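To keep things clear, I will list the structure first and then write my remarks on it.
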Amino acid sequence: MLGFEYGEAGRTAPQAVATGSIILIAGELVPMMTSFEEIALLLVMAAGIGLIGALMRQPLIVSFIAVGLIAGPSVLDVVHSDEQIDLLAELGIAVLLFLVGIKLDVKLVRSLGAVSVLTGLGQVIFTAFFGYLIGLALGLDHVASLYVAVALTFSSTIIIVKLLSDKREIDALHGQIALGFLIVQDLVVVLAMIVLSAIGIGAEDATGGGSVLVVLGSGAGLVLAVILFVRYLANPLTERLARAPELLVIFAIALAAMFAAIGDAVGLGKEVGGLMAGVALASSPFRETISARLGPLRDFLLLFFFIALGATLDLSLLGANVTGAVVLSLFVLIGNPLIVLVIMGTLGYRKRTSFLAGLTVAQISEFSLIFVAMGVSLGHVGEDALGLVTMVGIVTIAASTYMITFSHQLYALCEPLLGVFERKGAPREPADSHTHQGKAFDVIIFGLGRFGTAVGMRLKKRGLSVLGVDFNPLAIRRWRELGLEAEFGDATDAEFVAGLPLRRTNWLVSTVPIHPTGLSHEDSRTTLIQLARTAGFPGRFAVTSHSAGEAAVLLDAGADLVLEPFQDAADQAADLLCGGEVKERTPIPEIITEEREPPVVTDEAAREPPPGDFGRD
Numbered sequence: 058m059l060g061f062e063y064g065e066a067g068r069t070a071p072q073a074v075a076t077g078s079i080i081l082i083a084g085e086l087v088p089m090m091t092s093f094e095e096i097a098l099l100l101v102m103a104a105g106i107g108l109i110g111a112l113m114r115q116p117l118i119v120s121f122i123a124v125g126l127i128a129g130p131s132v133l134d135v136v137h138s139d140e141q142i143d144l145l146a147e148l149g150i151a152v153l154l155f156l157v158g159i160k161l162d163v164k165l166v167r168s169l170g171a172v173s174v175l176t177g178l179g180q181v182i183f184t185a186f187f188g189y190l191i192g193l194a195l196g197l198d199h200v201a202s203l204y205v206a207v208a209l210t211f212s213s214t215i216i217i218v219k220l221l222s223d224k225r226e227i228d229a230l231h232g233q234i235a236l237g238f239l240i241v242q243d244l245v246v247v248l249a250m251i252v253l254s255a256i257g258i259g260a261e262d263a264t265g266g267g268s269v270l271v272v273l274g275s276g277a278g279l280v281l282a283v284i285l286f287v288r289y290l291a292n293p294l295t296e297r298l299a300r301a302p303e304l305l306v307i308f309a310i311a312l313a314a315m316f317a318a319i320g321d322a323v324g325l326g327k328e329v330g331g332l333m334a335g336v337a338l339a340s341s342p343f344r345e346t347i348s349a350r351l352g353p354l355r356d357f358l359l360l361f362f363f364i365a366l367g368a369t370l371d372l373s374l375l376g377a378n379v380t381g382a383v384v385l386s387l388f389v390l391i392g393n394p395l396i397v398l399v400i401m402g403t404l405g406y407r408k409r410t411s412f413l414a415g416l417t418v419a420q421i422s423e424f425s426l427i428f429v430a431m432g433v434s435l436g437h438v439g440e441d442a443l444g445l446v447t448m449v450g451i452v453t454i455a456a457s458t459y460m461i462t463f464s465h466q467l468y469a470l471c472e473p474l475l476g477v478f479e480r481k482g483a484p485r486e487p488a489d490s491h492t493h494q495g496k497a498f499d500v501i502i503f504g505l506g507r508f509g510t511a512v513g514m515r516l517k518k519r520g521l522s523v524l525g526v527d528f529n530p531l532a533i534r535r536w537r538e539l540g541l542e543a544e545f546g547d548a549t550d551a552e553f554v555a556g557l558p559l560r561r562t563n564w565l566v567s568t569v570p571i572h573p574t575g576l577s578h579e580d581s582r583t584t585l586i587q588l589a590r591t592a593g594f595p596g597r598f599a600v601t602s603h604s605a606g607e608a609a610v611l612l613d614a615g616a617d618l619v620l621e622p623f624q625d626a627a628d629q630a631a632d633l634l635c636g637g638e639v640k641e642r643t644p645i646p647e648i649i650t651e652e653r654e655p656p657v658v659t660d661e662a663a664r665e666p667p668p669g670d671f672g673r674d
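Using my numbering, the first residue of the sequence shown is number 58, and each one after it goes up by one.
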């Protein structure tokens, strides 16, 4: 995918010619490593540079791209197994988008379809138009300006999905919207490639229009295949495969790879194919098991994607493009988020949702390099255009990684200036924002996962009034279907926290899991304490921790009670094992939006008597 070629004139230096077990570099014969040795070297470099980056609190994506730059032809030129690395990278892309698709909520996708299409197309049109004008102002000719402008419209779905997944924000409203318009962008990429191929290759037989129709027909066929699979095969097949968990995982990988291959073959791209494979299993009761088991494999394979991306960035082309690259990079980093802010604000979304979604388009994609490289091979543009886009790619990918990592802090800095981008009342988010003004709650719980839900149900059973808060729309709907009151919001949003009914609340409870990412290490628990105190909250704070060493830090930060779920559960289990009284359980009923995962039945287990209720929550 990334190992593109763009003609003899565009080959990278130093020149390398393979001759059996040796390689000719700059006139000298050097022993050539095997593919296994090259990949082993890459893994060692990734571990070493990744460790250095982690000690410096840098995002891993930046470290891995740096590995590709250092190992690639621009610096050491020590790795030449492009096909093997690209194969692993493409499999990683398929698995990544598969895991995104398997968690998609169909009802939510339906509700976000319009904003995704409008925002995606609006951003593409805005960037292409003004990018073309900027290209002309920089002295590029009309054709080069057009190529550069179109290249600037593509954002990297892979990088953004990985960053949002690491921050646990892919399920948030802004994450779902961002995923929607990134998929729209991917479809625009497909059409742009078809048009370019028709101009350069199929112009004689005028196959361009036919190619577009084939892609559209193939897309409709793929959707139909997914619908039929979900309707007739998904559940019975996964239930049978789940009897051998390893086979279930292999099947999931096979399905992701097969759909990605089909999507690529018909012109839709591996990303769309992998996403559709995930959607095909999204209704399966085993989706959480599949997702958990494929997570480490996804991270390992994506390492090669980022390495391959770094290796394609040819630093020898950068010399004469510094001024133009700075101007175009600023345009992408600032202009693209601004147009998303304008479109989403016009559609009625809150400025915070619009801002966080807008940050995801503040970079260009690996497809931008491929697109301009195709133009070089066709003779439409020169190497200077490719060098310009390459430098913009390096700057924007690195900068946007930090922008998304620091997204909440960046929003806090920009928030006073963003009021003009929000319609009064934010009509697209009325049911989820401050609908409980004037009410009094004994407890407000932030984080409506398994632990937060269990705590909320038990507090309600004891007669306390509880309000739940989460930034996952599916979690909000789940709580409401359980008969609890909930609001859509984020514990790190100062405006949202200040608008909650805090003054008559006794406890604020945070059950949000903490996952340090990159260099920000933002702790939503301490942020919530600070924001709530500033807003005049007079009550007490309870926060969860999975690390005993955090307790003193959290107490010093203002927490009144530190809950340690694993330790507390172990204490209760020890009491029960020593003859303590078994307390009455508080069952959580089944709801429409969540199917519980049935137990994996093996032949041995089938012969055992059903387990008792001992220790079940």
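Heads up, the beta-carbon is just placed ideally off N, CA and C, and yes, glycines get one too.
Quick caveat: nothing in here was measured; it's all calculated off a predicted structure.
- Is the beta carbon of T549 less than 8 angstroms from the beta carbon of T584? Here residue 549 refers to the residue found at position 492 when the sequence shown is read from its first residue. Here residue 584 refers to the residue found at position 527 when the sequence shown is read from its first residue. Closer than 8 angstroms, so yes.
- Message: Just verifying my parser: in three-state terms, what is the DSSP assignment at L620?
- Response: Position 563 of the sequence shown, counting from 1, holds the residue named residue 620. L620: strand per DSSP, three-state reduction.
- Hey, I347 and L338: beta-carbon distance below 8 angstroms or not? In the sequence shown, the residue the question calls residue 347 occupies position 290. In the sequence shown, the residue the question calls residue 338 occupies position 281. Closer than 8 angstroms, so yes.
- Would you decide whether Y289 is buried or exposed? Buried here means 16 or more other CB atoms lie within 10 Å of its CB. Working through the sequence shown from its first residue, we reach residue 289 at position 232. Exposed, by the Cβ-count rule.
- Query: Would you report the Cα separation of I391 and L416, rounded to the nearest angstrom?
  - Reply: In the sequence shown, the residue the question calls residue 391 occupies position 334. In the sequence shown, the residue the question calls residue 416 occupies position 359. Computed Cα separation, rounded: 9 angstroms.
- Which full runs of the alpha helix (DSSP H) of 4+ residues lie inside the segment 518-561, going along the chain? 530-538 and 551-555
- Message: So, under 8 angstroms CB-CB, L611 and A589 are touching, yes? Tell me the CB distance rounded to an integer number of Å.
- Response: Here residue 611 refers to the residue found at position 554 when the sequence shown is read from its first residue. Here residue 589 refers to the residue found at position 532 when the sequence shown is read from its first residue. About 14 angstroms separates the two Cβ atoms, so there is no contact after all.
- Quickly, what does DSSP pair R597 with across the bridge? List them, please. Position 540 of the sequence shown holds residue 597. Paired residue(s): W564.
- Item | Cutoff 7 angstroms; reference L304; Cβ partners in own chain excluding five residues on either side | Residue 304 sits at position 247 when you count from the first residue of the sequence shown. So the qualifying residues of the chain are L298.
- Query: Taking three-plus beta-carbon pairs below 8 angstroms as touching, is the segment 396-411 in contact with the segment 431-450?
  - Reply: no
- Message: Rounding to the nearest angstrom, what Cα-Cα distance links A382 and L445 in this structure?
- Response: For this step, residue 382 is matched to residue 325 along the sequence shown. For this step, residue 445 is matched to residue 388 along the sequence shown. Cα to Cα, A382 sits roughly 6 angstroms from L445.
- Would you check if the segment 600-620 and the segment 515-528 touch, i.e. whether three or more CB-CB distances between them fall below 8 angstroms? no
- Local conformation of V287 per DSSP, three classes: Residue 287 sits at position 230 when you count from the first residue of the sequence shown. Helix at V287.
- Query: What residue range is occupied by the uninterrupted alpha helix (DSSP H) comprising V379?
  - Reply: Along the sequence shown, one-based indexing puts residue 379 at 322. Element bounds for V379: V379 to L387.
- Could you spell out the range, first to last residue, of the beta strand (DSSP E) harbouring I502? By one-based count along the sequence shown, residue 502 stands at place 445. Counting along the chain, the beta strand (DSSP E) containing I502 begins and ends at V500 to F503.
- What do you get for R507, buried or exposed, if any count of 16 or more other CB atoms within 10 angstroms of its CB means buried? The count along the sequence shown starts at 1 and reaches residue 507 at position 450. Classification for R507: exposed.
- Message: My parser needs the alpha helix (DSSP H) runs of 4 or more residues fully inside the segment 394-420; what are they?
- Response: 408-415
- In chain order, each alpha helix (DSSP H) run of at least 4 residues that lies wholly inside the segment 323-365: 327-337
- Short Cβ contact (8 angstroms threshold) for F361 with A146: Within the sequence shown, the letter at position 304 stands for residue 361. Within the sequence shown, the letter at position 89 stands for residue 146. Going by C-beta atoms, F361 is nearer than 8 angstroms to A146.
- Message: Whole angstroms are fine: how far does the CA of E542 sit from the CA of A497?
- Response: The residue you call residue 497 lines up with position 440 of the sequence shown. The residue you call residue 542 lines up with position 485 of the sequence shown. Looking at the two C-alpha atoms, the distance is approximately 12 angstroms.
- Cα-Cα separation between F623 and Q629, rounded to whole angstroms: Counting from 1 along the sequence shown, the entry for residue 623 is found at position 566. Counting from 1 along the sequence shown, the entry for residue 629 is found at position 572. Approximately 10 angstroms, taken between the alpha carbons.
- In three-state terms, what does DSSP make of A488? Here residue 488 is taken as the residue at index 431 of the sequence shown, counted from 1. Bear in mind that the predicted position of A488 carries a pLDDT of just 48, short of 50, making it unreliable; the figure below should be weighed with that in mind. Correct three-state label for A488: helix.
- Item | G504 and S567 closer than 8 angstroms at C-beta | In the sequence shown, counting from the first residue as 1, residue 504 sits at position 447. In the sequence shown, counting from the first residue as 1, residue 567 sits at position 510. Yes, Cβ-Cβ distance for G504 and S567 is below 8 angstroms.
- Can you say whether D625 is buried or exposed, counting buried as having 16 or more other CB atoms within 10 angstroms of its CB? Along the sequence shown, read from residue 1 onward, the residue named residue 625 stands at position 568. Classification for D625: exposed.
- Give me the Cα-Cα distance between L281 and M333, rounded to the nearest whole angstrom. Here residue 281 corresponds to residue number 224 of the sequence shown, with the count starting at 1. Here residue 333 corresponds to residue number 276 of the sequence shown, with the count starting at 1. Going by the C-alpha atoms only, they are around 11 angstroms apart.
- Is E147 helix, strand or coil by DSSP? Sequence index remark: in the sequence shown, residue 147 carries index 90 (1-based). Note: E147 maps to helix in three-state DSSP.
- How about the segment 465-477 and the segment 229-244: do they share at least three Cβ pairs that are nearer than 8 angstroms? no
- Query: What is the residue span of the alpha helix (DSSP H) that L203 lies within?
  - Reply: Position 146 of the sequence shown holds residue 203. L203 -> alpha helix (DSSP H) spans H199 to L209.
- Message: Helix, strand or coil for M12? Go by DSSP, reduced to three states.
- Response: Since the first residue of the chain shown is 58 and the last is 674, residue 12 is not available in this structure.
- Task: Could you tell me whether the Cβ atoms of I150 and T458 are closer together than 8 angstroms?
- Result: Locating residue 150 in the sequence shown gives position 93, counting from the first residue. Locating residue 458 in the sequence shown gives position 401, counting from the first residue. Against a cut-off of 8 angstroms, the Cβ pair of T458 and I150 comes out as no contact.
- Going by beta carbon distance, what residues of the same chain come within less than 7 angstroms of V418, once the five residues before and after it are set aside? Working through the sequence shown from its first residue, we reach residue 418 at position 361. Result list for V418: Q180, S212, N393, P394 and V397, in chain order.
- Message: Looking at L559: is its Cβ nearer than 8 angstroms to the Cβ of G593?
- Response: Here the question's residue 559 lines up with position 502 in the sequence shown. Here the question's residue 593 lines up with position 536 in the sequence shown. Taking 8 angstroms as the Cβ cut-off, L559 and G593 qualify as a contacting pair.
- Message: Measuring only the C-alpha atoms, how far is P353 from R225?
- Response: Translated into positions along the sequence shown, residue 353 becomes position 296. Translated into positions along the sequence shown, residue 225 becomes position 168. Near 15 angstroms, if we compare the C-alpha coordinates of R225 and P353.
- Thinking C-alpha only, which one of F93, S120 and P116 is nearest I106? Counting from one through the sequence shown, the residue named residue 106 turns up at place 49. Residue S120 is the option with its Cα nearest to I106.
- Excluding five sequence neighbours on each side, which residues of the same chain lie with their C-beta closer than 7 angstroms to the C-beta of Y189? Counted from its first residue, the sequence shown places residue 189 at position 132. S202, L203 and A206.
- Under the three-state DSSP convention, the category G513 falls into: Against the sequence shown, residue 513 aligns to sequence position 456. If DSSP states are grouped into helix, strand and coil, G513 belongs with the helices.
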